[in-house]
Ligand SMILES: *Cc1c(COP(=O)(O)O)cnc(C)c1O
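As structure tokens, then:
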């Protein structure tokens with residue numbers, strides 16, 4: 095039991111803390127539950143003797159929420175353009191504007207002229223078809239995996255999906271495409287070997303039970319050496335519909351990523367459908383794109399599962415703005431020249447009170463689901479290794495890269511507007 099002189103008796107009571115004007119204002123703005131959680135947690139720290147009771151109010155105030163929700167914006171100083179753990183592609187400001195505009199009531203499924211129901215998200219679909227005239231029709235679903243599930247469900251449930259053993263890919267976080275495909279009730283018909291598959295392997299497996307041929311781009315690994323695989327063009331000549339899971343969402347060929355498949359080329363080569371993600375190299379919101387032959391896209395659109403994989407209006411708005419708009423941030427970061435990056439790193443070093451000697455040459459990466467192994471030449475500011483943790487846990491939160499005993503702060507994926515904040519964070523971490 096707490097004694098009369100027990101300091102715990104001096105811990106401010108919950109209602110007293112909640113009544114403090116600053117605390118009450120935060121509760122009004124961000125919700126009572128979030129604020130109450132902070133209060134309870136700080137009181138517990140006082141009970142545990144980590145802080146004295148007189149510090150409770152001050153600690154509560156400094157821990158009050160300052161934004162709705164718990165996600166913390168992160169400055170990406172890793173040099174990895176599409177970084178899975180920090181939300182893949184950052185949206186272009188115009189996509190953000192479109193998304194905000196769509197956040198209220200909006201004509202997503204209404205023709206304002208006639209007052210009649212209209213086809214949902216037609217603007218985003220038209221934007222995609224304008225960007226890829228090779229496609230007769232297209233469809234947008236929740237993500238790349240959903241696009242693949244819908245395609246294999248509609249084409250191959252109860253039938254076989256013919257796929258090369260070199261393309262049975264795990265996409266991350268223990269999700270494996272073979273499991274995903276089998277979950278649709280399709281049977282995988284594996285052909286070839288890990289490193290080599292020939293057109294004859296496919297031809298031998300094709301028969302009455304074939305629902306489709308699936309080609310998956312190995313977007314997160316490389317196999318070098320004695321390898322061979324079969325291109326879309328040869329597969330298309332075999333007869334059954336060919337689904338190409340291109341992954342990264344490049345709509346057209348990009349010379350900077352010579353081996354990355356793009357939607358337009360796959361369709362020209364004869365793919366029936368191409369699936370892709372919206373938030374990888376396309377640089378838009380999380381979405382799954384399906385582009386291709388009209389009748390097959392329509393088959394997918396009419397499938398009952400399509401309704402469960404439908405995207406919301408915010409995604410449609412951001413996707414349309416991304417596809418119609420100028421080069422999104424992802425493309426800008428990918429194409430930044432080493433010279434531009436050296437200047438950017440020098441500016442960062444200057445502003446952080448460091449010298450040109452701290453600016454070092456580095457390799458950036460495309461990251462999450464695109465162009466594995468393709469190095470992106472760039473420049474970073476090097477600071478001591480322990481700076482990485484301080485940067486990550488600071489405010490603003492900065493994610494840097496640790497390599498060979500150094501912390502590399504790579505400005506490739508940092509918008510110019512964020513450079514002063516990044517420099518300030520580096521300066522504080524170095525104690526300058
Ligand atoms: C990323 C990727 C997927 C999954 O796409 P999500 O948008 O993450 O669902 C599927 N296939 C390939 C080849 C990929 O690169």
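In this note's numbering, the protein residues as written are 95 to 526. Glycine included, each C-beta is placed from N, C-alpha and C at the ideal position.
query: So, using beta-carbon positions, are residue 193 and residue 412 closer together than 8 Å?; result: yes
query: Nearest to residue 85 by CA position, among 439, 323, 285, 477, is which residue?; result: The question about residue 85 has no answer here: the residues shown for the chain are numbered 95 through 526.
query: DSSP has residue 386 in a bridge; who is on the other side?; result: 231, 367
query: Compare the C-alpha of residue 326 against each of 341, 361, 249 and name the closest.; result: 361
query: Does the distance from the C-beta atom of residue 357 to that of residue 226 stay below 8 Å?; result: yes
query: Work out the CA separation of residue 257 and residue 449 for me, nearest whole Å.; result: 54 Å
query: With DSSP run on the structure shown, which of helix, strand or coil describes residue 477?; result: strand
query: Taking C-beta to C-beta, are residue 432 and residue 474 nearer than 8 Å?; result: no
query: Within 7 Å: the Cβ of residue 477 and any heavy atom of ligand 1?; result: no
query: Under 7 Å: does the beta carbon of residue 156 sit that close to some heavy atom of ligand 1?; result: no
query: Thinking C-beta only, is residue 169 closer than 8 Å to residue 520?; result: no
query: Can you list every residue whose CB sits closer than 5 Å to some heavy atom of ligand 1, going in chain order?; result: 237, 238, 239, 265, 311, 313, 339, 341, 371, 463
query: Can we say the region 193-209 touches the region 238-249, given the rule of at least three CB pairs closer than 8 Å?; result: no
query: Following the continuous alpha helix (DSSP H) through residue 246, name the residue where it begins and the one where it ends.; result: 238-250
query: Got a sec? Which residues, its chain only, sit under 6 Å from residue 259 by beta carbon, not counting five neighbours each side?; result: 284, 286, 287, 288
query: Starting from the Cα of residue 313, find the closest Cα among 279, 322, 344, 328 and give me that residue.; result: 344
query: Could you pull the start and end residues of the beta strand (DSSP E) that residue 261 belongs to?; result: It is not in any beta strand (DSSP E) - residue 261 carries neither H nor E in the DSSP assignment.
query: Taking the alpha helix (DSSP H) that residue 511 belongs to, which residues open and close that run?; result: Looking at the DSSP string, residue 511 is not in any alpha helix (DSSP H), and its letter there is neither H nor E.
query: Name the DSSP beta bridge partners of residue 269, please?; result: 266
query: Using only CA atoms, which one of 369, 504, 385, 488 lies nearest to residue 237?; result: 369
query: Apart from the five residues just before and just after residue 427, which ones in its own chain have a Cβ nearer than 6 Å to its Cβ?; result: 175, 506, 507
query: In whole angstroms, what separates the C-alpha of residue 252 from that of residue 280?; result: 5 Å
query: Bridge partners for residue 501 per DSSP, in chain order?; result: 477, 496
query: Would you report the Cα separation of residue 456 and residue 201, rounded to the nearest angstrom?; result: 47 Å
query: Over the uninterrupted alpha helix (DSSP H) stretch that includes residue 531, give me the two end residues.; result: An answer regarding residue 531 cannot be provided, because it is not within the stretch 95 to 526 covered by the chain.
query: What are the partner residues of residue 177, as DSSP defines its beta bridges?; result: 182
query: Are the CB atoms of residue 490 and residue 167 nearer to each other than 8 Å?; result: yes
query: Which residues in the same chain have their Cβ closer than 6 Å to the Cβ of residue 140, if we skip the five residues on either side of it in sequence?; result: 105, 147, 150
query: In the structure shown, what three-state DSSP assignment does residue 109 receive?; result: helix
query: Taking only the alpha-carbon atoms, compute the straight-line gap between residue 305 and residue 389 and give it to the nearest angstrom.; result: 15 Å
query: By the DSSP assignment, the alpha helix (DSSP H) with residue 155 in it spans what residues?; result: 150-157
query: Applying the criterion that 16 or more other CB atoms from any shown protein chain within 10 Å of the CB defines a buried residue, is residue 483 buried or exposed?; result: exposed
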